[in-house]
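Undergrad: Protein chains in written order, with the UniProt record's numbering: chain A, 1 to 243; chain B, 1 to 243. Below you will find the structure I want to go over with you.
There are 2 protein chains.
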Amino acid sequence: MAFKENKKLPHFEEYIPHLAYDSVIFGFNGRQIKILLLEYHNTGLFALPGGFVKRNEHLDDAVKRGLKGRTGLDNIYLEQFHTFGDTTRAAPEVMRTIIEANKMEIEEGNWLLDRFISVAYYALINYDDVHPIPDELSDSINWYAIDELPSLMMDHEKIVEKALKTLRENLDKKLTGTNLLPPKFTMKDLQHLYEAILGEELRRTTFQRKMLGTNILMRHEKLFGGGAHKAPYLYSFKTIGDG
Amino acid sequence: MAFKENKKLPHFEEYIPHLAYDSVIFGFNGRQIKILLLEYHNTGLFALPGGFVKRNEHLDDAVKRGLKGRTGLDNIYLEQFHTFGDTTRAAPEVMRTIIEANKMEIEEGNWLLDRFISVAYYALINYDDVHPIPDELSDSINWYAIDELPSLMMDHEKIVEKALKTLRENLDKKLTGTNLLPPKFTMKDLQHLYEAILGEELRRTTFQRKMLGTNILMRHEKLFGGGAHKAPYLYSFKTIGDG
DNA sequence: ATATTATTGTCTCATTTTGTGACATTAAAT
DNA sequence: ATTTAATGTCACAAAATGAGACAATAATAT
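Here is the structure:
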């Protein structure tokens, strides 16, 4: 959870109480899958970017609003994957610590100290065109490789795990228009992405045949300058209307 | 949404406001997939069985509580599949109609008239050992074949659609211990179940080979008396510990 | 008893998909 | 001009799946 307003706690009247969202924002730097994590100043606490849902706001829109605030991006690929409803999903001490580290006050019984049910989404974004924006209130934000995460607050590690599991399961079905790569990429880039997500090596020829077989790729000009060898083609994902 | 307490509306203090669950309870009668629907007396309104989450109750437990109330069953196979968060998910007129049809009063501004976010689950139960229990407050409950549903309130049709879609996608991965069949069943029974869920016919020999290949079935004695032909074996799903 | 009938369990072969390696091609470096 | 290393494509092997054939057999009819 994090707050966007300037040094003011989100107000009860404006939001649905007991309900939050958390987002696992995936990016790919060409080698590793990374996610965005907030770090709360002076607390050493790491957390997923999250937020609250306004009383008259679509759940999905709340998540998009948070993503826009953190990344500056619109039209992010977004997928809801699970809602976490443990009774233990409250962290009054943590919340208090964070708020006090920011030299703010929170009264006993404030809604932020309550138990929260959280709807979790994952997002896929192009690592290159994002300069993560830290909250003005309380945190810095940075990329962390998926297999080198710091320990996270509450059940956020479980959330990341489930996000990754879902991403893997959806890879073949739903990644057709992935935002994890730049608009044009080589077959090798795409293979590296798959390997990073799946955490296993793939066979080059089989992968290439499979990808070309799906008919979701458009072939473009060749990419020269890659080294002392045959130049690879560039590809992009077909969008509706492309040949 | 439906209420369990006797002729008393659920009280704000006890539940998390703005949050509900809905359950798509699947059963199989040997030929068709059916789901349980509530019908509100004197209103002609059909709805999914749902309910609210207590302030200190695990989300999953709230759903189990509702299922137990409606079916009398414990240990039901349950899978969360989506959380619906439209801003239009409020039905004050409908709620008012239902409550008034029960000769009860509801004040302006009652929490039940608010907008709700709903976490949706599907359940798989053995059609045979369930005698659905109607709410004391407001409804009758009955089985309806999945392709002959009456029109449902709010977005409940969308919820059913998504439940069925998820069930189909999960069929091979997660149906291993399905509760949709009696403890022992023939290969033909199992095939009929798959066909009913998928909505398509399957090839007998291929299906049988695939099922035996998964190694999740235990073969038992033969079932005699089925007709003028070779008697089929009975099978059950292996549970941990079975050979 | 015996023959008939319909469904089952299993096998075989065809087809499709996937795994695996080979090989000619080619852009840059030497 | 030659060397080097990755690419695109093909060819064959292995595995999975589609589709039918067929003997076995439990109840029914004769």
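Positions of the beta carbon are idealized from the N, C-alpha and C atoms, including for glycine.
Can you confirm whether the segment 54 to 67 of chain B touches the segment 85 to 96 of chain A when touching is taken to mean that 3 or more C-beta pairs between the two stretches lie within less than 8 Å?
TA: yes
Undergrad: Would a check of beta-carbon distances place A:R203 closer than 9 Å to chain B?
TA: no
Undergrad: Can you tell me the Cβ-Cβ gap for A:L78 and A:A123, rounded? I've got them flagged as a contact below 8 Å.
TA: Approximately 5 Å separates the beta-carbon atoms of A:L78 and A:A123; this is inside 8 Å, confirming the contact.
Undergrad: Helix, strand or coil: which one does DSSP assign to A:F28?
TA: Of the three classes helix, strand and coil, the one that applies to A:F28 here is strand, per DSSP.
Undergrad: Mind listing which residues of the segment 16 to 47 of chain B have their C-beta closer than 7 Å to chain A's C-betas, in chain order?
TA: Listed in sequence order: I16, P17, H18 and L19.
Undergrad: Between B:N29 and the ligand FAD, is there a pair consisting of the residue's CB and a ligand heavy atom that are separated by less than 8 Å?
TA: The ligand FAD is absent from the structure shown, which contains no ligand whatsoever.
Undergrad: Where do the N-terminal and C-terminal ends of the beta strand (DSSP E) with B:Y127 fall, by residue?
TA: Note, B:Y127: premise wrong, no beta strand (DSSP E); not H, not E.
Undergrad: Could you pull out every residue in the same chain whose Cβ sits closer than 8 Å to the Cβ of A:K238, ignoring the five residues on either side in sequence?
TA: N215, I216, L217 and M218
Undergrad: Could you check where the beta strand (DSSP E) with A:R219 kicks off and where it finishes?
TA: L217 to K222
Undergrad: Compute the Euclidean distance between the alpha carbons of B:K4 and A:Y144, then round it to the nearest angstrom.
TA: Legend: pLDDT at B:K4 = 44, less than 50; position of this residue unreliable, value from coordinates given subsequently. When rounded, the distance between both Cα atoms is 47 Å.
Undergrad: Along the beta strand (DSSP E) that carries B:H82, what are the first and last residues, could you check?
TA: Y77 to F84
Undergrad: Quick check on A:N56 - is its C-beta less than 9 Å from some C-beta in chain B?
TA: yes
Undergrad: Quick one: is B:Y80 near chain A, going by C-beta distance under 9 Å?
TA: A quick correction: the sequence has Gln, not Tyr, at residue 80 of chain B. The C-beta of B:Q80 comes closer than 9 Å to at least one C-beta of chain A.
Undergrad: Output needed in chain order: residues of the segment 101 to 120 of chain B with a Cβ under 8 Å from some Cβ in chain A.
TA: R115, I117 and V119
Undergrad: If we count the other Cβ atoms within 10 Å of its Cβ and call it buried at 16 or more, is B:A163 buried or exposed?
TA: buried
Undergrad: Let's test the definition: count the other Cβ atoms within 10 Å of the Cβ of B:K180 and tell me whether it reaches 16, buried, or not, exposed.
TA: Correcting the residue type first, residue 180 of chain B is Leu in the shown sequence and not Lys. With 16 or more other Cβ atoms within 10 Å, it is buried.
Undergrad: Chain A partners of B:D60, CB-CB under 7 Å?
TA: G85
Undergrad: Need the endpoints of the alpha helix (DSSP H) that A:G66 sits in, please.
TA: Counting along the chain, the unbroken alpha helix (DSSP H) around A:G66 starts and ends at L59 to T71.
Undergrad: For B:F46, which residues from the same chain have a beta carbon less than 6 Å from its beta carbon, with the 5 sequence-adjacent residues on both sides left out?
TA: L37, E39, P150 and L152
Undergrad: What residue does the alpha helix (DSSP H) around A:F185 start on, and which one ends it?
TA: Note, A:F185: premise wrong, no alpha helix (DSSP H); not H, not E.
Undergrad: Flag this pair as yes or no: are the beta carbons of B:L190 and B:Y235 separated by less than 9 Å?
TA: yes
Undergrad: On the CB-based measure, 16 or more other CB atoms within 10 Å of its CB, does A:R31 come out buried or exposed?
TA: exposed
Undergrad: Determine the closest residue to B:L48 out of B:R203, B:K34 and B:N110, with distance taken between C-alpha atoms.
TA: B:K34
Undergrad: Using the Cα positions of A:F224 and A:D128, report the straight-line distance between them to the nearest angstrom.
TA: 21 Å
Undergrad: Below 8 Å on the Cβ atoms is my contact criterion, and I expect A:F81 with A:T178 to pass it. Report the Cβ-Cβ distance as a whole number of Å.
TA: Rounded, the Cβ-Cβ distance is 16 Å, inconsistent with contact.
Undergrad: Let's test the definition: count the other Cβ atoms within 10 Å of the Cβ of B:I125 and tell me whether it reaches 16, buried, or not, exposed.
TA: buried
Undergrad: Residues in its own chain within less than 8 Å of B:P132 by CB, not counting five upstream and five downstream?
TA: Taking B:P132 as the centre and dropping the five residues before and after it, the same chain places the C-beta of L36, R70, T71, I141, N142 and W143 closer than 8 Å to its C-beta, in chain order.
Undergrad: Taking Cβ positions only, does B:V53 come closer than 9 Å to chain A?
TA: yes
Undergrad: Short of 7 Å in beta carbon distance, which residues of its chain neighbour B:R54, apart from the five on each side in sequence? Order them along the chain.
TA: Looking at the sequence itself, residue 54 of chain B is Lys, so the reference to Arg does not match. Result list for B:K54: E14, Y15 and A62, in chain order.
Undergrad: Expressed to the nearest angstrom, what Euclidean distance is found between the alpha-carbon atoms of A:G109 and B:P182?
TA: 50 Å
Undergrad: Count the other CB atoms, across all protein chains shown, that sit within 10 Å of the CB of B:L212; report buried if there are 16 or more and exposed otherwise.
TA: exposed
Undergrad: Rounded to the nearest angstrom, what separates B:K210 and B:R203 at their Cα positions?
TA: 11 Å
Undergrad: Could you check which residue in A:E105, A:Y121 and A:M95 has the C-alpha nearest to that of A:D114?
TA: A:M95
Undergrad: Looking at the structure shown, is B:E5 part of a helix, part of a strand, or coil, going by DSSP?
TA: Confidence at B:E5 is low in this model, with a pLDDT of 43, below 50, so the placement of that residue is unreliable and no value is reported for it.
Undergrad: Looking at the strands, I want to know which residues DSSP matches up with A:E39.
TA: A:F46 and A:S140
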